[in-house]
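Remarks on the structure that follows.
There are 2 protein chains.
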Amino acid sequence: MADVKVEIGQEIQQSAAEAARVLARIFASRKVLAVNLVSSPGSGKTTLIEAMIDRLAGRKRIAVVEGDIETEIDSERIRKHGVQVHQITTRSACHIPPELLVKALGHLDLDAADLLVVENVGNLVCPAEVPLGEDVRIVALSVTEGDEKPLKYPLIFKTSRILVITKTDLLPYVKFSTDAVKTAALAVNPRIEIFETSAVTGEGIAALVDRIEALHAEKAR
Amino acid sequence: MADVKVEIGQEIQQSAAEAARVLARIFASRKVLAVNLVSSPGSGKTTLIEAMIDRLAGRKRIAVVEGDIETEIDSERIRKHGVQVHQITTRSACHIPPELLVKALGHLDLDAADLLVVENVGNLVCPAEVPLGEDVRIVALSVTEGDEKPLKYPLIFKTSRILVITKTDLLPYVKFSTDAVKTAALAVNPRIEIFETSAVTGEGIAALVDRIEALHAEKAR
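Same order as they appear, the protein sequences are chains A and H. Just so you know, the first sequence maps onto residues 149 to 369 in my numbering. Just so you know, the second sequence maps onto residues 149 to 369 in my numbering.
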């Protein structure tokens, strides 16, 4: 990772857009598929990552960067799964700044990773405006949050390639129409791919992971 | 409301902090209790306001300001309850700017209101840093979001007077410890008052509304 450190040294002062371009180059040179996972607080991002790690065990090597305002609670959860993980605490920033992600990569061995999953700060607004050089932005939305959210927070759905509906095991207990959320998401982003998942029942995890593997295969080709 | 309009004209150019002071003066002069309701997207803020309106019918006059990035979905829901409501759409801003709230008050008759409930943009980060001249900040957290949230987003819990735990009807179906969230919230804010509520079963709504009425009575004295 020596060359990454050189890049860090050279580029650390630059703007967020430039940092995002540096990140994209780093991911491209290592054929690492970078996933920027965004959602509200409590939509189940960390749980989704845990399910993906378990499903990909022995097939793909995952590294994880966790972003939070405060605490290392999430990285401690991920570390138990035996994968590389680094925690960013953003203090008051409502998203991961790309410059901090560049620094974080200095703590990971990307040559030993096929996928990098970056769990952004829980927020449907700010992360939408700040690309991290990722290949795939995934927005998670739990069925407890309401099916109108794509209309109320359009940019994050517009800029995401994949929508993962989480916590479908709670559908019997909440007012949430899967058809309505799909209609809303497709209205703001006609190309968005939608997966319905539950980390409790396992529904949809295999299909989502297969899709991510296929995206990695395209990139690594 | 002519004098409010004069204040708007005089003060519209000033900083957010000054705008918050203008708001506090407006609320004080009219003995309106201003509530700034904050939470993640989908925690049930609008539903909580609807329950409060129904409970307070005939006792206190409520006016509501709804804040969203896009859409008037929430204000349309509130309008059906027969109370004054005005929608702010913030476009890309992740919180209600106090200057926009000053403008919004020009659309409401505060002399015909005892309470003003401002539903902020769904976000646990930015609204924490931007006071709206409110008397009471209430943070809502649904049981589906996880009991560690006060540790991960401390500022919003530190700056709130009341924590309303919402969707307690879903407790049987999720991993969430009410004791753990109380411990976490009190760790960051030892004076926070905590209410456990469900708009579905009605649990806790009466106790919360009684507390808000008492706070209004203190202010109107």
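Even for Gly, the Cβ is constructed at its ideal location relative to N, Cα and C. These figures come from a predicted structure and were not determined experimentally.
In or out: residue i buried (at least 16 other Cβ within 10 Å) or exposed?
i, result
"residue 195 of chain A", "buried"
"residue 198 of chain A", "buried"
"residue 267 of chain A", "buried"
"residue 353 of chain H", "buried"
"residue 297 of chain H", "buried"
"residue 173 of chain A", "exposed"
"residue 257 of chain A", "exposed"
"residue 275 of chain H", "buried"
"residue 206 of chain H", "exposed"
"residue 246 of chain A", "buried"
"residue 187 of chain A", "buried"
"residue 292 of chain A", "buried"
"residue 177 of chain H", "exposed"
"residue 358 of chain H", "exposed"
"residue 158 of chain A", "Below a pLDDT of 50, predicted positions are generally treated as unreliable, and residue 158 of chain A, at 48, falls in that range; no measurement from the model is reported."
"residue 281 of chain H", "buried"
"residue 215 of chain A", "buried"
Could you give the DSSP three-state label for residue i: helix, strand or coil?
i, result
"residue 244 of chain H", "coil"
"residue 307 of chain A", "coil"
"residue 365 of chain H", "helix"
"residue 345 of chain H", "coil"
"residue 89 of chain H", "Coverage of chain H is limited to positions 149 through 369, which leaves residue 89 of chain H absent and any answer about it impossible."
"residue 169 of chain H", "helix"
"residue 177 of chain A", "helix"
"residue 290 of chain A", "strand"
"residue 237 of chain A", "strand"
"residue 356 of chain H", "helix"
"residue 317 of chain H", "helix"
"residue 163 of chain A", "coil"
"residue 205 of chain A", "coil"
"residue 216 of chain A", "strand"
"residue 197 of chain H", "helix"
"residue 340 of chain H", "coil"
"residue 334 of chain H", "helix"
"residue 185 of chain H", "strand"
"residue 89 of chain H", "Summary: the structure shown does not reach residue 89 of chain H, with chain H confined to residues 149 through 369, and so no result is reported for it."
Nearest to residue i by CA position, among the options, is which residue?
i, options, result
"residue 240 of chain A", "H:302, H:197, H:185, H:263", "H:302"
"residue 278 of chain A", "A:190, A:184, A:174", "A:184"
"residue 229 of chain H", "H:251, H:305, H:244, H:201", "H:201"
"residue 189 of chain H", "H:217, H:236, H:175", "H:217"
"residue 333 of chain A", "A:368, A:365, A:320, A:286", "A:286"
"residue 307 of chain A", "A:321, A:320, A:295, A:288", "A:288"
"residue 273 of chain H", "H:294, H:300, H:261", "H:300"
"residue 171 of chain H", "H:193, H:233, H:338, H:254", "H:254"
"residue 252 of chain H", "H:265, H:234, H:260, H:208", "H:234"
"residue 192 of chain A", "A:295, A:281, A:270, A:330", "A:270"
"residue 249 of chain A", "A:335, A:339, A:164", "A:164"
"residue 220 of chain A", "A:259, A:236, A:365", "A:236"
"residue 368 of chain A", "A:166, A:169, A:168, A:179", "A:179"
"residue 262 of chain H", "H:203, H:227, H:209, H:290", "H:209"
"residue 127 of chain A", "A:337, A:362, A:284, A:243", "For residue 127 of chain A there is no data in the structure shown, the boundaries of chain A being 149 and 369."
"residue 312 of chain A", "A:295, A:321, A:244", "A:295"
"residue 203 of chain H", "H:331, H:231, H:169, H:341", "H:231"
Measure from the C-beta of residue i to each C-beta in chain A and report whether the shortest distance is under 8 Å.
i, result
"residue 268 of chain H", "no"
"residue 290 of chain H", "yes"
"residue 189 of chain H", "yes"
"residue 319 of chain H", "no"
"residue 366 of chain H", "no"
"residue 315 of chain H", "yes"
"residue 216 of chain H", "yes"
"residue 282 of chain H", "no"
"residue 361 of chain H", "no"
Counting contacts by CB-CB distance shorter than 8 Å, is residue i in contact with chain H?
i, result
"residue 213 of chain A", "no"
"residue 160 of chain A", "Note on residue 160 of chain A: pLDDT 43, under 50, position unreliable in the model; no value is reported."
"residue 264 of chain A", "no"
"residue 202 of chain A", "no"
"residue 350 of chain A", "no"
"residue 223 of chain A", "no"
"residue 400 of chain A", "What the structure shows of chain A is the stretch from 149 to 369, and residue 400 of chain A is not part of that stretch, so it cannot be assessed."
"residue 198 of chain A", "no"
"residue 177 of chain A", "no"
"residue 150 of chain A", "Here residue 150 of chain A scores only 44 on pLDDT, less than 50, and its place in the model should not be relied on; the value that follows carries that caveat. No, its Cβ sits nowhere closer than 8 Å to a Cβ of chain H."
"residue 299 of chain A", "yes"
"residue 344 of chain A", "no"
"residue 166 of chain A", "no"
"residue 327 of chain A", "no"
"residue 302 of chain A", "yes"
"residue 240 of chain A", "yes"
Can you find a C-beta in chain C that's less than 8 Å from the C-beta of residue i?
i, result
"residue 273 of chain A", "Of the protein chains in the structure, A and H, none is chain C."
Using 8 Å as the threshold, is the segment 334 to 351 of chain A in touch with the segment 299 to 317 of chain A, meaning 3 or more CB pairs across them? yes
When you compare the segment 320 to 330 of chain A with the segment 352 to 368 of chain A, are there three or more beta-carbon pairs, one atom per stretch, that lie closer than 8 Å? no
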